[in-house]
Amino acid sequence: MKILADFNLSELTEELAKFNLPKYKAAQVFKWVLRGVDFDGMTDIDKNTRNLLKQNFIAVPLDIETKLVSKDKTQKYLYKLYDGNVIEGVLMNYKYGKTLCVSTQIGCRMGCKFCASTLNGLVRSLTAGEILAQVIVANRINGGTIEKREITNIVLMGSGEPFDNYENVVKFLKNANAPEGLNISYRNISLSTCGLVPEMKAFADLELPINLTISLHSPYDERRKEIMPIANKYSIAEITQAAKYYFEKTKRRVIFEYTLIEGQNDSEKDARRLAELVRGFSSHINLIRLNPVKERGLKATKEDKAQKFLEMLEKMNVSATIRRQMGVDINGACGQLRNSYLEKNAER
Ligand code: SAH
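Using our numbering, read the sequence shown as starting at 17 and increasing by one per residue.
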């Protein structure tokens, strides 16, 4: 069955015309979908039409199965999809608004050694509408509307590698940005990749002013290969070249994610090499202490050592910050909540 949230307004108009539904009805249905309302709640659509739609489409392809609220007010959602699969999302509160972290795949096949999303491999990629529906539903349950959105920012940093699902992710971004859709500015969207170079370049060519974040985690290719299998395919030199190209095309400062893992990437030598790597182009380094995943056996760099790492970078005039850890008490790291759900269900 087709998912209504996958269509933009003109595509939906065309699709519903096949059922002899007029343009104005397509516009009404489109609004309901953006509000996260299922067929039964579409009060200005007559019953016959609603039944027709029900037989042929899925409106909003997911809903919230579990919601956890952290001491710091971070919310974590476990979404259940219409096919029974589960994915997760995190909502973080900042002074400027609310940022929703969305998943782009069910599981992940990149295999990063510290990440929980990849423990059970990739189940499948999400469609554009399944990604958008995470925003729609989170907005709805936080009291947001289309005109007055509660979700102001989106980060594609949940489970999955966005560029391993390139077409659907690009369609999602365009639909989320569409003025007749949720109308979210590209500047309020960040996409994080583990470094798929050809897709980074193709994405740059689209010239969308989206913030690109690259998961680096070590300035050395050899160490990177040990913690991120994708490093066997693309070198750091190729990644930084693609990052520069992205900056030239979009004029957006590129951000490097650097998860600090004890004894793996947190030495003085690492900091120096990292500084050399980013010298001379507009970038920023986001340090985050590892959120330990029990199956992985890796430890976070201690707080004082992380602080020293930051100071070393600052001394070398590198723009860097340590990201606050949020929602640690509620399985905040990618994939942790889904895994505990899968484990529990397997026990049953
Ligand atoms: N696949 C994409 C996006 C998902 S992960 C990517 O690799 O960028 C979003 C960020 O969280 C990445 O930088 C990732 O490396 C990091 N991350 C994953 N698990 C983590 C953990 N347990 N602790 C800290 N950071 C983690």
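Even for Gly, the Cβ is constructed at its ideal location relative to N, Cα and C. Everything numeric in this text was worked out from a predicted model, so none of it was measured.
Comparing alpha carbon positions, the residue from S86, S133 and N184 closest to V102 is S133. Apart from the 5 residues on each side of it in sequence, D60 sits with its Cβ closer than 7 Å to the Cβ of Q44 in its chain, given in chain order.
Annotation for A336: the continuous beta strand (DSSP E) segment containing it runs A336 to I338. Following the DSSP letters along the chain, one finds Y236 in no alpha helix (DSSP H), marked with neither H nor E. Look at I304: its beta carbon is less than 7 Å from one of the heavy atoms in the ligand SAH. Judged by DSSP secondary structure, M108 falls within the beta strand (DSSP E) whose first and last residues are V102 to Y110.
If the five residues before and after I157 are omitted, its C-beta is found closer than 7 Å to the C-beta atoms of I80, all from its own chain and listed in chain order.
Using a Cβ distance threshold of 8 Å, Q150 and S175 do not count as a contacting pair. By the Cβ rule, the stretch 53-73 does not count as touching the stretch 85-95, because fewer than three pairs are nearer than 8 Å.
By the Cβ rule, the stretch 196-210 does not count as touching the stretch 234-243, because fewer than three pairs are nearer than 8 Å. Segment contact: the stretch 316-327 against the stretch 298-308, three or more CB-CB distances shorter than 8 Å; contact assigned.
Per the coordinates, the alpha-carbon of S234 lies some 27 Å from the alpha-carbon of P225.
For T209, the distance from the CB to the nearest heavy atom of the ligand SAH is below 7 Å. Contact annotation: the stretch 160-168 does not touch the stretch 205-220, with fewer than three C-beta pairs closer than 8 Å.
Checking the 7 Å criterion, the Cβ of H233 is within range of a heavy atom belonging to the ligand SAH. Counting only runs that start and end inside the stretch 170-203, the alpha helix (DSSP H) elements of at least 4 residues fall at 182-193. In the DSSP annotation of this structure, the continuous segment of the alpha helix (DSSP H) that includes K331 starts and ends at E319 to K331. Under the DSSP assignment, N67 falls in the alpha helix (DSSP H) whose first and last residues are K63 to N72.
Note that the C-beta distance between C124 and L138 is below 8 Å.
About 7 Å separates the Cβ atoms of N204 and I170, confirming a contact at the 8 Å cut-off. Its chain contains P77 as the residues whose beta carbon lies nearer than 6 Å to that of E146, once the 5 sequence neighbours on both sides are disregarded; these appear in chain order. Pairing S231 with I271 gives a Cβ-Cβ distance that is not under 8 Å. Per the DSSP secondary-structure output, V270 pairs in a beta bridge with S299. The Cβ atoms of L228 and L290 lie no closer than 8 Å to each other. A buried status is given to T266, since no fewer than 16 other beta-carbon atoms sit within 10 Å of its beta-carbon.
Counting other Cβ atoms within 10 Å of its Cβ, F35 stays below 16 and is therefore classed as exposed.
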